[in-house]
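Taken in sequence, the protein lines are chains A and B. Add 306 to the 1-based position in the first sequence for this note's numbering, that's all there is to it. Add 306 to the 1-based position in the second sequence for this note's numbering, that's all there is to it. Backbone N, C-alpha and C define an ideal beta-carbon position, used for all residues, glycine too.
2 protein chains.
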Amino acid sequence: MAFGGILGFDNGIVLAPMGPDVAGPKLVAAVANAGGIGLLVSPVNSYDMTVKAITETRKLTDKPFGAGILLEFDNTRTVQAIFDEKLACMQVYWGDFTKEMVDEAHKHGVKILHQIGSLKDAEKAIAAGVDCIIVQGVEAGGHIIGTVGLIALLPRVVDLVGDREIAVVAAGSIADPRGYVAALSLGAHGICMGTRFVATKESYANHYYKQQLLHYTEADTDRTDLYNRATWRSPVRCLNTPFHQQWKNAPESVENNEEQPIVSYSIIHGEETVLRRFAGQVANPTTAGELENMVMYAGQGVGLIKEILPAGDVVKNFIEGAKEIIKGLGDKYLGTNQA
Amino acid sequence: MAFGGILGFDNGIVLAPMGPDVAGPKLVAAVANAGGIGLLVSPVNSYDMTVKAITETRKLTDKPFGAGILLEFDNTRTVQAIFDEKLACMQVYWGDFTKEMVDEAHKHGVKILHQIGSLKDAEKAIAAGVDCIIVQGVEAGGHIIGTVGLIALLPRVVDLVGDREIAVVAAGSIADPRGYVAALSLGAHGICMGTRFVATKESYANHYYKQQLLHYTEADTDRTDLYNRATWRSPVRCLNTPFHQQWKNAPESVENNEEQPIVSYSIIHGEETVLRRFAGQVANPTTAGELENMVMYAGQGVGLIKEILPAGDVVKNFIEGAKEIIKGLGDKYLGTNQA
Numbered sequence: 307m308a309f310g311g312i313l314g315f316d317n318g319i320v321l322a323p324m325g326p327d328v329a330g331p332k333l334v335a336a337v338a339n340a341g342g343i344g345l346l347v348s349p350v351n352s353y354d355m356t357v358k359a360i361t362e363t364r365k366l367t368d369k370p371f372g373a374g375i376l377l378e379f380d381n382t383r384t385v386q387a388i389f390d391e392k393l394a395c396m397q398v399y400w401g402d403f404t405k406e407m408v409d410e411a412h413k414h415g416v417k418i419l420h421q422i423g424s425l426k427d428a429e430k431a432i433a434a435g436v437d438c439i440i441v442q443g444v445e446a447g448g449h450i451i452g453t454v455g456l457i458a459l460l461p462r463v464v465d466l467v468g469d470r471e472i473a474v475v476a477a478g479s480i481a482d483p484r485g486y487v488a489a490l491s492l493g494a495h496g497i498c499m500g501t502r503f504v505a506t507k508e509s510y511a512n513h514y515y516k517q518q519l520l521h522y523t524e525a526d527t528d529r530t531d532l533y534n535r536a537t538w539r540s541p542v543r544c545l546n547t548p549f550h551q552q553w554k555n556a557p558e559s560v561e562n563n564e565e566q567p568i569v570s571y572s573i574i575h576g577e578e579t580v581l582r583r584f585a586g587q588v589a590n591p592t593t594a595g596e597l598e599n600m601v602m603y604a605g606q607g608v609g610l611i612k613e614i615l616p617a618g619d620v621v622k623n624f625i626e627g628a629k630e631i632i633k634g635l636g637d638k639y640l641g642t643n644q645a
Numbered sequence: 307m308a309f310g311g312i313l314g315f316d317n318g319i320v321l322a323p324m325g326p327d328v329a330g331p332k333l334v335a336a337v338a339n340a341g342g343i344g345l346l347v348s349p350v351n352s353y354d355m356t357v358k359a360i361t362e363t364r365k366l367t368d369k370p371f372g373a374g375i376l377l378e379f380d381n382t383r384t385v386q387a388i389f390d391e392k393l394a395c396m397q398v399y400w401g402d403f404t405k406e407m408v409d410e411a412h413k414h415g416v417k418i419l420h421q422i423g424s425l426k427d428a429e430k431a432i433a434a435g436v437d438c439i440i441v442q443g444v445e446a447g448g449h450i451i452g453t454v455g456l457i458a459l460l461p462r463v464v465d466l467v468g469d470r471e472i473a474v475v476a477a478g479s480i481a482d483p484r485g486y487v488a489a490l491s492l493g494a495h496g497i498c499m500g501t502r503f504v505a506t507k508e509s510y511a512n513h514y515y516k517q518q519l520l521h522y523t524e525a526d527t528d529r530t531d532l533y534n535r536a537t538w539r540s541p542v543r544c545l546n547t548p549f550h551q552q553w554k555n556a557p558e559s560v561e562n563n564e565e566q567p568i569v570s571y572s573i574i575h576g577e578e579t580v581l582r583r584f585a586g587q588v589a590n591p592t593t594a595g596e597l598e599n600m601v602m603y604a605g606q607g608v609g610l611i612k613e614i615l616p617a618g619d620v621v622k623n624f625i626e627g628a629k630e631i632i633k634g635l636g637d638k639y640l641g642t643n644q645a
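1. Report the neighbours of B/Lys629 on chain A: residues whose CB is nearer than 8 Å to its CB, in chain order.
2. Does the contact criterion of 3 or more C-beta pairs under 8 Å hold for the segment 478 to 498 of chain A versus the segment 453 to 461 of chain A?
3. Using 8 Å as the Cβ pair cut-off and three pairs as the minimum, do the segment 488 to 508 of chain A and the segment 604 to 618 of chain A touch?
4. Between A/Gly435 and chain B, is any beta-carbon pair separated by less than 9 Å?
5. Provide the residue span of the beta strand (DSSP E) that contains A/Gln421, from first to last.
6. Do you know offhand how far B/Asn339's Cα is from B/Asp316's?
7. Between A/Ala387 and chain B, is the shortest Cβ-Cβ distance under 9 Å, so that the two count as touching?
8. Here's the rule: buried if 16 or more other CB atoms are within 10 angstroms of the residue's CB, otherwise exposed. What is B/Ile361?
9. What would DSSP say about B/Ile480, mapped onto helix, strand or coil?
10. B/Asp528 bridges to which residues according to DSSP?
11. In chain B, which residues lie less than 7 Å from A/Ala525 when you measure between Cβ atoms?
12. For A/Phe403 and B/Gly374, what's the separation of their Cα atoms in angstroms?
13. Kindly indicate if chain B contains any beta-carbon less than 9 Å away from that of A/Arg462.
14. Checking contacts by CB at 9 Å: is B/Arg470 closer than that to chain A?
15. At a Cβ threshold of 9 Å, is B/Leu648 touching chain A?
16. Quick test of your reading: B/Ile418 and B/Val436, contact by CB under 8 Å. State the CB separation rounded to the nearest angstrom.
17. Write down every uninterrupted run of the alpha helix (DSSP H) in the segment 604 to 638 of chain B whose length is 4 residues or greater and which is fully enclosed by it, in chain order.
18. Cα-Cα, which of B/Gly641, B/Glu630 and B/Gly634 is closest to B/Phe309?
19. Looking at the secondary structure, which residues open and close the beta strand (DSSP E) in which A/Glu647 lies?
20. Mind checking B/Lys365: buried by the 16 CB within 10 Å criterion, or exposed?
21. Mind pulling the chain A residues with CB within less than 7 Å of B/Glu578?
22. Nearest CA to the CA of B/Thr527: which residue from B/Met499, B/Glu596, B/Glu445 and B/Ala394?
23. Between B/Gly341 and B/Lys369, what straight-line distance do the alpha-carbon atoms span, to the nearest angstrom?
24. What separation, rounded to the nearest whole angstrom, lies between the Cα atoms of A/Glu577 and A/Ala594?
25. Along chain A, in chain order, which residues have C-beta atoms closer than 7 Å to that of B/Glu613?
26. Tell me which residue opens and which closes the beta strand (DSSP E) that A/Met355 is part of.
27. Using a Cβ-Cβ cutoff of less than 7 Å, which residues in the same chain neighbour B/Gly580 once the five nearest sequence positions on both sides are dropped?
28. By the three-class DSSP mapping on this structure, what secondary structure does A/Val320 have?
29. Which ranges would you report for the beta strand (DSSP E) in the segment 461 to 520 of chain B if only whole runs of at least 3 residues count?
30. Return the first residue and the last residue of the beta strand (DSSP E) that A/Val337 is part of.
31. Please classify A/Gln518: is it buried, with 16 or more other beta-carbons within 10 angstroms of its beta-carbon, or exposed?
32. Anything in chain B within Cβ reach of A/Glu445, meaning under 7 Å, just list it in chain order.
33. What are the complete alpha helix (DSSP H) segments, minimum 4 residues, inside the segment 360 to 416 of chain B?
34. If you count every other CB in all the chains shown that lies within 10 Å of the CB of A/Leu520, and 16 or more means buried, which is it?
35. Straight-line CA distance for A/Ile450 to B/Val474?
36. Quick check on B/Lys430 - is its C-beta less than 9 Å from some C-beta in chain A?
Below you can see the structure in the form of structure tokens.
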């Protein structure tokens, strides 16, 4: 099944490290077993929890995998665990990751994938010596750092990278093999997917959230900074649910603070957590409460998602589908099969 | 040079009918001569001016071409001229075009291309029996009717069209051959371009505006409804120039009315026109005045445009480039050339 491998992996399909614990051991192992690049979502700045998630993942796969960290927060301990455990790679997002930090990662044998949303941040990542740049378009779900569409931004980053040994991965609303080949056409070497992988059997998202993904379309997402405001004001893309529609125009002063009613209880990374209205965490299988009144992240590719599949099947379907499309393009436009 | 022809044309590269007179006879003829689908921008509801533009175009090409009309305004007389002159096709945008209207066009031998920005409007276009649906992503320049990225919307429309005999054309930030192949990968049969064709020798845009397109990037456009408000409140994408930055947050009540200072004078479709601040018309070669204080429409693909080219070269480069990319995908991912 090897096809388009990057960074030493069998293929170039990357699992976005989705929080709070959606991209957990089961999902990461399923993607890794299919030859893709599974990225564990990291607990914030916790050595022990990070090691625990890595250990659990290793029980489920012998393949290499990685983890993602947010540069917005202090994650010194999490990074140390990733280095000590010698993961294959680490995805970094939402902040600067300097040459010194890349060099330190490389000393531990950890490759760096930096997710960016602008040419300016791609320039910084190149200067820092990263191994891979994940180009995120504004169509993406969850946190979106940029404002430009993937189809416009991706070829610009590809040109900037030039013939350097840096893999370029496309992220944002890719949800079927057509998007994969579109990304390859634009010059990417691989793709990174979030929403498509939430809607898998192994994702640690609540069944209700997974089901909603099957009912909403590209017309039904919203870019907003309503959630999680108490800790981190940042734009995300989520489903435009009745709950979201009711609150999306709330004043800037509205925060996810203790005045907000409790909407649910979850166990996140093994810890009991109270979630109030406008919390940034999506529901996992342990969540009890008003599931319909919780944020549900999704990219504009959500309209293309029709079923919950095993994550390994997603990877397999994308590779087989991509091959067919590439063959079809040759047949149709180059007359490969013509006499 | 025939490659991927649609609707009876040699290829599937469509010139957006850009106003007020940018997509004039010279540009349309250049695209037509290269085998593409040139679409004249139509004067609003004027039989004589429309016939004049068609006649001028026919002096420059023996190839078929079409014209675009806005459904927002009464264009009965313009449509009559297009029918009487038996143009090959008519692009319609920004409103409903019913089955009766499509049937009437077909009686005159005129094929209908309906540009849409949502799945809902694609459904209506299919029901009306159009010959072609142009799927416009929100990355596009000029008037943008939808809110969804091309990469998410296009495959959805392709699925909706299914095996019907309707050509699907992709529009929005496509500015080099990589975007063309990406669109084909997503299921489109052709592409429609605006910004790339503004930056051609034959476009009837002012030299200053053309030059600005070479200096701005994907990070420097804005979606706004500031311009043209007196007649038509609608979102457009334009360059985020110093002038635009100064005024973009003007109150909703601000209109392009007689209280606004005059910024320039233009001859548009042969008529002397006074343009005030916040006018929706871009500068053409006759424009005298504060060129830097006029709106300049552009899509997010503007960062990919590096030079002013003859329009025929643009078409030729796109076809040659697309062939190379498709061949490259086969070589790289199917091992076409491997022993």
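If we stick to the structure as given:
1. Position 323 of the second sequence, counting from 1, holds the residue named residue 629 of chain B. Within chain A, Tyr639 and Leu640 have C-beta atoms less than 8 Å from the C-beta of B/Lys629, given in sequence order.
2. The segment 478 to 498 of chain A, when compared against the segment 453 to 461 of chain A, does touch it at the 8 Å Cβ threshold.
3. Taking 8 Å as the limit for Cβ pairs, the verdict is that the segment 604 to 618 of chain A does touch the segment 488 to 508 of chain A.
4. Here residue 435 of chain A refers to the residue found at position 129 of the first sequence. No, A/Gly435 lies away from the interface with chain B (no Cβ there is under 9 Å from its Cβ).
5. Reading the first sequence from its first residue, position 115 is the one you call residue 421 of chain A. Taken as a continuous stretch (DSSP letters only), the beta strand (DSSP E) holding A/Gln421 covers Lys417 to Ile422.
6. Here residue 339 of chain B is taken as the residue at index 33 of the second sequence, counted from 1. Here residue 316 of chain B is taken as the residue at index 10 of the second sequence, counted from 1. Their backbone Cα atoms lie some 10 Å apart in a straight line.
7. The count along the first sequence starts at 1 and reaches residue 387 of chain A at position 81. Not an interface residue.
8. Within the second sequence, residue 361 of chain B is the residue found at index 55, counting from 1. Note that residue 361 of chain B is Thr in the sequence shown here, rather than Ile. Flag for B/Thr361 reads exposed.
9. Within the second sequence, numbered from 1, the residue matching residue 480 of chain B stands at position 174. Three-state result, B/Ile480: coil.
10. As a first step, residue 528 of chain B is located in the second sequence; it is residue number 222 there, counting from the start. Note: B/Asp528 sits in a beta bridge opposite B/Cys544.
11. Taking the first sequence and counting its residues from 1, one reaches residue 525 of chain A at position 219. Per Cβ cutoff of 7 Å: Ser424, Leu425 and Val454.
12. For this step, residue 403 of chain A is matched to residue 97 along the first sequence. For this step, residue 374 of chain B is matched to residue 68 along the second sequence. If you take the alpha carbons of A/Phe403 and B/Gly374, they lie about 49 Å apart.
13. The residue you call residue 462 of chain A lines up with position 156 of the first sequence. It does; some Cβ of chain B falls within 9 Å.
14. Taking the second sequence and counting its residues from 1, the one referred to as residue 470 of chain B is at position 164. The Cβ of B/Arg470 sits no closer than 9 Å to any Cβ of chain A.
15. Here chain B has residues from 307 to 645 only, and residue 648 of chain B is not among them.
16. As a position in the second sequence, residue 418 of chain B is number 112, starting the count at 1. As a position in the second sequence, residue 436 of chain B is number 130, starting the count at 1. Taking 8 Å as the upper bound for CB-CB distance, B/Ile418 and B/Val436 are in contact here, some 5 Å apart.
17. Listed in chain order, the complete alpha helix (DSSP H) runs (minimum 4 residues) inside the segment 604 to 638 of chain B are 617 to 635.
18. The residue given as residue 309 of chain B occupies position 3 in the second sequence. When B/Gly641, B/Glu630 and B/Gly634 are compared, the shortest CA-CA separation from B/Phe309 is found for B/Glu630.
19. The displayed coordinates of chain A run from 307 to 645. Any statement about residue 647 of chain A would go beyond what the structure contains.
20. If you number the second sequence from 1, residue 365 of chain B lands on position 59. So B/Lys365 ends up on the exposed side.
21. Here residue 578 of chain B corresponds to residue number 272 of the second sequence, with the count starting at 1. Per Cβ cutoff of 7 Å: no residues; B/Glu578 is ~37 Å from chain A at best.
22. Stepping through the second sequence from its first residue, residue 527 of chain B is reached at position 221. Of B/Met499, B/Glu596, B/Glu445 and B/Ala394, the residue nearest in Cα terms is B/Glu445.
23. Here residue 341 of chain B refers to the residue found at position 35 of the second sequence. Here residue 369 of chain B refers to the residue found at position 63 of the second sequence. Taking the straight line from one Cα to the other gives about 8 Å.
24. Within the first sequence, residue 577 of chain A is the residue found at index 271, counting from 1. Within the first sequence, residue 594 of chain A is the residue found at index 288, counting from 1. Rounded to whole angstroms, A/Glu577 and A/Ala594 show a C-alpha spacing of 14 Å.
25. Looking up residue 613 of chain B in the second sequence gives position 307. Result: empty, since nearest Cβ-Cβ is about 14 Å, beyond 7 Å.
26. In the first sequence, counting from the first residue as 1, residue 355 of chain A sits at position 49. It is not in any beta strand (DSSP E) - A/Met355 instead sits in the alpha helix (DSSP H) that spans Tyr353 to Leu366.
27. The residue you call residue 580 of chain B lines up with position 274 of the second sequence. Position check: residue 580 of chain B holds Val in this sequence, whereas Gly was assumed. Counting only Cβ-Cβ distances below 7 Å, and skipping sequence neighbours, we find Ile568 and Tyr571.
28. In the first sequence, residue 320 of chain A corresponds to position 14, counting from 1. Here A/Val320 carries a strand assignment [DSSP, helix/strand/coil].
29. Every unbroken stretch of the beta strand (DSSP E) spanning 3 or more residues and falling wholly within the segment 461 to 520 of chain B is given here in chain order: 473 to 477 and 496 to 499.
30. By 1-based counting over the first sequence, the position of residue 337 of chain A is 31. Premise fails: A/Val337 lies in the alpha helix (DSSP H), Pro331 to Asn339, not in any beta strand (DSSP E).
31. By one-based count along the first sequence, residue 518 of chain A stands at place 212. When all chains shown are included, A/Gln518 counts as buried.
32. Against the first sequence, residue 445 of chain A aligns to sequence position 139. Those within 7 Å of A/Glu445 in chain B are Gly455, Ile457 and Ala458.
33. With a minimum length of 4 residues, the continuous alpha helix (DSSP H) runs that stay inside the segment 360 to 416 of chain B are 382 to 390 and 405 to 413.
34. Within the first sequence, residue 520 of chain A is the residue found at index 214, counting from 1. A/Leu520 is classed as exposed because its beta carbon has fewer than 16 other beta carbons within 10 Å across all chains shown.
35. Within the first sequence, numbered from 1, the residue matching residue 450 of chain A stands at position 144. Within the second sequence, numbered from 1, the residue matching residue 474 of chain B stands at position 168. In this structure, the alpha-carbon of A/Ile450 lies about 29 Å from that of B/Val474.
36. Here the question's residue 430 of chain B lines up with position 124 in the second sequence. So no, B/Lys430 is outside the interface.
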